[in-house]
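Since the structure comes first, as structure tokens, the remarks are kept for the end.
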Amino acid sequence: MFEISPTEWTAILLSLRVAVIATLVATPFGVALAWLLARRDFWGKSLLDAAVHLPLVLPPVVTGYLLLLTLGKRGLVGGWLADHLGIVFAFRWTGAALACGVMSFPLLVRPIRLSIEAVDRRLEQAAETLGAAPWRVFATVTLPLALPGVLAGMVLGFAKAIGEFGATITFVSNIPGETQTISSAIYSLIQTPDGDPAAARLVIISIVLAVGALVAAEVFARRATARLHGQ
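With the first letter of the sequence shown counted as 1, position 71 gets the number 71 in UniProt numbering; the numbers rise by one all the way through.
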């Protein structure tokens, strides 16, 4: 019951790799977009905010299908990438990381935006009056104060990426050793005779990873609150 097979280890390690890469790649974009939504007013801001959160309300299969239409080998962008740059996402583990990054992006952006909005604007203005360039104000004032929120967003994004299923299986299928993550492995095992023990092991591992990520996110959120209140 508690012996993890090589196939299960492969799915676990692939899930961790996909989630880590998805989180690391999405974080810079998430920070930039969160700052834009928190600090700038412009036409279409509400539409941009809605677009960011769209993966949360769309069925994951729809998101995966849109990725397939766009970035598949015959897609609008994917075809050009495959023909000219040799970059292929569909049915590859890199495509799984992309799908996980898209699905987890709203959970990454939201805490970062709230954390940036909580930073006292007077501190940023004081740095500007001392001659600091906007990028330096962001790097030395805004980002350090918003760092707990950034970490919380990264943890939540990582947790979402670990458990992603619908968009991933639609975009990259369920190929053992290549795109079969924990979620898709569980899906395969529950449809296989005598696959329940292995599925149960992966379920337990998924719960442990998810609970650990949520606890870490809560710790970061509490530290952010205490830091902003000077405690």
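Don't be surprised by glycine CBs; every beta carbon is placed ideally from N, CA and C.
Would you tell me roughly how many angstroms separate the C-alpha atoms of L85 and W9, rounded to the nearest one?
Cα to Cα, the separation comes out at about 32 Å.
Are three or more beta carbon pairs between the stretch 89-106 and the stretch 156-167 nearer than 8 Å?
For the pair of segments examined, the stretch 89-106 was found to touch the stretch 156-167: the number of CB pairs separated by less than 8 Å reaches three.
When the Cα atoms are used, what is the spatial distance from D196 to I205?
Rounded to whole angstroms, D196 to I205 spans 14 Å at the Cα level.
Since A34 and R113 should fall inside the 8 Å C-beta cutoff, what is the C-beta to C-beta distance between them, to a whole number of angstroms?
Contact between A34 and R113 holds, with the beta-carbon distance rounding to 4 Å and staying under 8 Å.
Is D49 near the ligand ADP - that is, is its Cβ less than 6 Å away from at least one heavy atom of it?
Ligands displayed in this structure: none; no statement on the ligand ADP is therefore possible.
Between L71 and G79, what straight-line distance do the alpha-carbon atoms span, to the nearest angstrom?
Straight-line Cα distance between these residues: approximately 7 Å.
How about P148 and F220: are their beta carbons less than 7 Å apart?
For the pair P148 and F220, the CB atoms are nearer than the 7 Å cut-off.
Hey, quick one: how far does the alpha helix (DSSP H) through Q125 stretch, first residue to last?
For Q125, the enclosing alpha helix (DSSP H) stretches over residues R121 to T129.
Whole-angstrom C-beta distance between T181 and L14, which should lie under 8 Å:
Right, the Cβ-Cβ distance comes to about 6 Å (below 8 Å), so this counts as a contact.
Which residues in the same chain as A152 place their Cβ atom closer than 6 Å to its Cβ, once the five residues preceding and following it in sequence are excluded?
The answer, listed in chain order, is P111, A217, F220 and A221.
Is G75 closer than 7 Å to A167 when the C-beta atoms are compared?
Not in contact: A167 and G75 (Cβ atoms no closer than 7 Å).
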